[in-house]
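Chains as they are written, first to last, in this note's numbering: chain E, 37 to 345; chain A, 37 to 345.
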């Protein structure tokens, strides 16, 4: 379904700003609290919290993160889930979000309603309040930027820092082929897994895989080290060549590091008890950068998703 | 200065994503804390707070909120100040912000550096930490969306609700001609004034004037009431006709309501002691909607800035 219509009566321009804002609140339904806590005042008002807070922002842009082949509901869901995946990657849970929409006057009302209903359904599922937003007219195209506020689920937040030489590298799920398989909008953000991992002392660092393992793993790698991972260890989506598994991106899986003293087999057993339906793979370890390792993947050869090219 | 360049070597595409992110952190300087508190991890980490929090989002879009005539530094400053004005309107102060940038590969590096340096200077002045962001390539154009988190400065937050019939309507500064005069990017957000007003029990409701008084005042008007304001009472920027003062928008002034039992003259005296350089005008009062009032402005005749038209 195209987000645009040539029939003026079916577009946002026909409705006008004020009625559009009323419609958006109706489409969002109960996930959008009444002002002053939500939409309709200069700012949204949120309760204070003793916990550390997490803040992240990610957009979806027409022609880049979705096209006419992706259902509008799935686009709304994807926008929130991309941000939820960033929260999951630090072991957090969501609290509230604001949404800035930039749209062409030809944007179809039917498309937009489905987009907001998809967003609302995902927000309800993960208990996120959509507390504010902004709508601006653009020359062309359609882009939505969501900023998500969350908080720590326990005393510990997992960052990308903390891995040491000898530590084990693990990943959830399977990698590659996200666009072709529809995983890029069907995925479930690993919030429960992220919160569980943040409570385990064996886990030293974590991030989500969004630009491809080959690129993202670099951010977890400690100084003077490199990952030693054989190609056979990488869990690939059915039909995916190794290059696709390493570089396609949009996997939205958790990539994390276990301290070297941890036995990955014992850890995997605990994992299966907690998450029997989420695959876990121990890929390999960080080794000194100088060590020769002919069986390991040479990540320098692969490039993950490159923005601005 | 145009944000775009035809000389590839001068554009963001020539630099590539990774180097661009490093450059952005350099341009932001100390207002951008190191990860995990700022840019560089999946989320930014913020301290908890016992105070109520405020959240708002506003963009600047090329061709709409700025053009080649506005200096790039002023565009960066305006983006943050628009959001600060929303915080001021509830009596809040800022804590942290994230920025999502959507840009054409032809965007000039020099323009972008100036934009970020302008943003950083304003952030430093108002003690806002720029803790995260996202950069995405767009087909064309340039848009930046900033989400600002803040908190209450005292026990009270002022919302748009609370006015009653008989209450006085007041506004700071002068109105109209924002585009022509450059006020739309030179303005100072009324943060100190907003925090002061939130501490005064005489003040019942507040908002900022961004789409023009004629449109915005509607949001403060209680049910079954209308504002009774003579044209002569409206503080106009030099050379502005009354229609411009009511409908131009981008005034970024505070519009607030004093309880009917308050003497506006005594209040104005206290105001002048606190803010000798910020003009304050009592425009009129809310009266029953049914009352005939031939000398008052008929706001139905005027329309403020209409988005999506």
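Quick reminder that beta carbons are idealized off the backbone N, C-alpha and C, glycines included.
Members of the segment 130-154 of chain E near chain A, C-beta cut-off 7 Å:
132, 134, 136, 138, 141
Taking Cβ positions only, does residue 69 of chain E come closer than 8 Å to chain A?
Within the first chain, the letter at position 33 stands for residue 69 of chain E. Chain A contact via Cβ: absent.
Run through DSSP, which three-state label would residue 95 of chain A get?
The residue labelled residue 95 of chain A in the question sits at position 59 within the second chain. Strand.
So, are the CB atoms of residue 116 of chain E and residue 186 of chain E less than 8 Å apart?
Here residue 116 of chain E corresponds to residue number 80 of the first chain, with the count starting at 1. Here residue 186 of chain E corresponds to residue number 150 of the first chain, with the count starting at 1. Contact: no.
What span of residues does the beta strand (DSSP E) with residue 153 of chain E cover, start to end?
Residue numbering aside, residue 153 of chain E sits at position 117 when the first chain is read from its first letter. Taken as a continuous stretch (DSSP letters only), residue 153 of chain E belongs to no beta strand (DSSP E), being part of the alpha helix (DSSP H) at 145-161.
State yes or no: is the beta carbon of residue 126 of chain A nearer than 8 Å to at least one beta carbon in chain E?
Translated into positions along the second chain, residue 126 of chain A becomes position 90. Yes, contact with chain E.
Ordered along the chain, which non-local residues of its own chain (more than five positions away) have a Cβ less than 8 Å from that of residue 141 of chain E?
Looking up residue 141 of chain E in the first chain gives position 105. So the qualifying residues of the chain are 47, 48, 49, 173.
Look at the Cβ atom of residue 192 of chain E, then the Cβ atom of residue 226 of chain E, and state whether they are nearer than 8 Å.
Along the first chain, one-based indexing puts residue 192 of chain E at 156. Along the first chain, one-based indexing puts residue 226 of chain E at 190. In this structure, residue 226 of chain E does not lie closer than 8 Å to residue 192 of chain E by Cβ.
Who are the near neighbours of residue 154 of chain A in its chain, counting only those whose CB is closer than 7 Å to its CB and skipping five residues on each side?
For the purposes of this step, residue 154 of chain A is taken as the residue at position 118 of the second chain. Taken in chain order, the residues that qualify are 108, 109, 110, 111, 112, 113.
C-beta neighbour in chain E for residue 99 of chain A, strict 8 Å
Reading the second chain from its first residue, position 63 is the one you call residue 99 of chain A. Yes, its Cβ sits closer than 8 Å to a Cβ of chain E.
Beta-carbon neighbours of residue 209 of chain E, restricted to chain A and to distances below 9 Å
In the first chain, the residue the question calls residue 209 of chain E occupies position 173. Residues of chain A passing the Cβ test: none, with the nearest at roughly 17 Å.
Contact set for residue 217 of chain E: own chain, Cβ-Cβ below 8 Å, skip 5 residues either direction:
The residue you call residue 217 of chain E lines up with position 181 of the first chain. If we look at residue 217 of chain E and ignore the five residues flanking it on each side, its Cβ neighbours are 273.
Any beta carbon of chain E sitting closer than 8 Å to that of residue 275 of chain A?
The residue given as residue 275 of chain A occupies position 239 in the second chain. Answer no: the Cβ-Cβ gap between residue 275 of chain A and chain E never drops below 8 Å.
Go ahead and label residue 298 of chain E buried or exposed: buried means 16 or more other beta carbons lie within 10 angstroms of its beta carbon, across all protein chains shown.
Taking the first chain and counting its residues from 1, one reaches residue 298 of chain E at position 262. Label assigned to residue 298 of chain E: buried.
State the DSSP-derived secondary structure class of residue 215 of chain E, mapped to helix, strand or coil.
Taking the first residue of the first chain as position 1, residue 215 of chain E is located at position 179. Three-state DSSP puts residue 215 of chain E in a helix.
Beta-bridge partners of residue 178 of chain E, as assigned by DSSP:
Residue numbering aside, residue 178 of chain E sits at position 142 when the first chain is read from its first letter. Answer by DSSP bridge pairing, in chain order: E:139.
Residue range of the unbroken alpha helix (DSSP H) whose run includes residue 53 of chain E:
Taking the first chain and counting its residues from 1, the one referred to as residue 53 of chain E is at position 17. Residue 53 of chain E -> alpha helix (DSSP H) spans 53-64.
Can you list, in chain order, the residues of its chain with a C-beta nearer than 7 Å to that of residue 106 of chain A? Leave out the 5 residues immediately preceding and following it.
In the second chain, counting from the first residue as 1, residue 106 of chain A sits at position 70. Cβ neighbours of residue 106 of chain A beyond the five flanking positions: 221.
Residue 127 of chain E classed as buried or exposed, judged by whether at least 16 other C-beta atoms fall within 10 angstroms:
Your numbering for residue 127 of chain E matches position 91 in the first chain. So residue 127 of chain E ends up on the buried side.
What does DSSP give as the partner residue(s) for residue 5 of chain E in the beta ladder?
Nothing in the structure corresponds to residue 5 of chain E, since chain E is present only between 37 and 345.
What in chain E is Cβ-close to residue 92 of chain A, meaning under 8 Å?
Stepping through the second chain from its first residue, residue 92 of chain A is reached at position 56. Within 8 Å Cβ-Cβ: 78, 79, 80, 134, 168.
So residue 122 of chain A contacts chain E; which residues on that side make the cut at Cβ distance below 8 Å?
In the second chain, counting from the first residue as 1, residue 122 of chain A sits at position 86. Within chain E, the residues near residue 122 of chain A are 78, 79.
Residue 334 of chain E classed as buried or exposed, judged by whether at least 16 other C-beta atoms fall within 10 angstroms
Within the first chain, numbered from 1, the residue matching residue 334 of chain E stands at position 298. Exposed, since its Cβ has fewer than 16 Cβ neighbours within 10 Å.
Within chain E, partners of residue 89 of chain A - CB distance below 7 Å
Counting from 1 along the second chain, the entry for residue 89 of chain A is found at position 53. Correct list: 82, 84.
Which of helix, strand or coil DSSP assigns to residue 297 of chain E
Locating residue 297 of chain E in the first chain gives position 261, where the first residue counts as 1. Looking at residue 297 of chain E - three-state DSSP - the assignment turns out to be coil, as it is neither helix nor strand.
Per the contact definition of three or more C-beta pairs closer than 8 Å, is the segment 311-323 of chain E in contact with the segment 274-283 of chain E?
no
Kindly indicate the opening and closing residues of the beta strand (DSSP E) around residue 346 of chain A.
As displayed, chain A neither begins before 37 nor continues past 345, which places residue 346 of chain A out of reach and without an answer.
Indicate the three-state DSSP secondary structure (helix, strand or coil) for residue 246 of chain E in the structure shown.
As a first step, residue 246 of chain E must be located in the first chain, where it is residue number 210. If DSSP states are grouped into helix, strand and coil, residue 246 of chain E belongs with coil.
I want to see whether chain A comes within less than 8 Å of residue 205 of chain E, judged by CB atoms only; does it?
Stepping through the first chain from its first residue, residue 205 of chain E is reached at position 169. Not closer than 8 Å to any Cβ of chain A, the Cβ of residue 205 of chain E fails to qualify, so no.
Is residue 75 of chain A close to chain E, meaning its C-beta is less than 8 Å from at least one C-beta of that chain?
In the second chain, residue 75 of chain A corresponds to position 39, counting from 1. No, no contact with chain E.
Extent of the continuous beta strand (DSSP E) run through residue 262 of chain E
As a first step, residue 262 of chain E is located in the first chain; it is residue number 226 there, counting from the start. First-last of the beta strand (DSSP E) with residue 262 of chain E: 261-264.
Inter-stretch contact (C-beta, 8 Å, three-pair minimum) for the segment 306-315 of chain A and the segment 246-261 of chain A:
no
According to DSSP, simplified to helix, strand and coil, what is residue 194 of chain E?
Locating residue 194 of chain E in the first chain gives position 158, where the first residue counts as 1. Coil at residue 194 of chain E, not helix or strand.
Those residues which DSSP pairs with residue 320 of chain E across a bridge
Residue numbering aside, residue 320 of chain E sits at position 284 when the first chain is read from its first letter. E:205.
Within the continuous beta strand (DSSP E) that includes residue 82 of chain E, where are the two ends?
For the purposes of this step, residue 82 of chain E is taken as the residue at position 46 of the first chain. 80-82 is the span of the beta strand (DSSP E), which, as asked, contains residue 82 of chain E.
Could you compute how far the alpha carbon of residue 96 of chain A sits from the alpha carbon of residue 176 of chain A?
Along the second chain, one-based indexing puts residue 96 of chain A at 60. Along the second chain, one-based indexing puts residue 176 of chain A at 140. Between residue 96 of chain A and residue 176 of chain A, the C-alpha separation is close to 15 Å.
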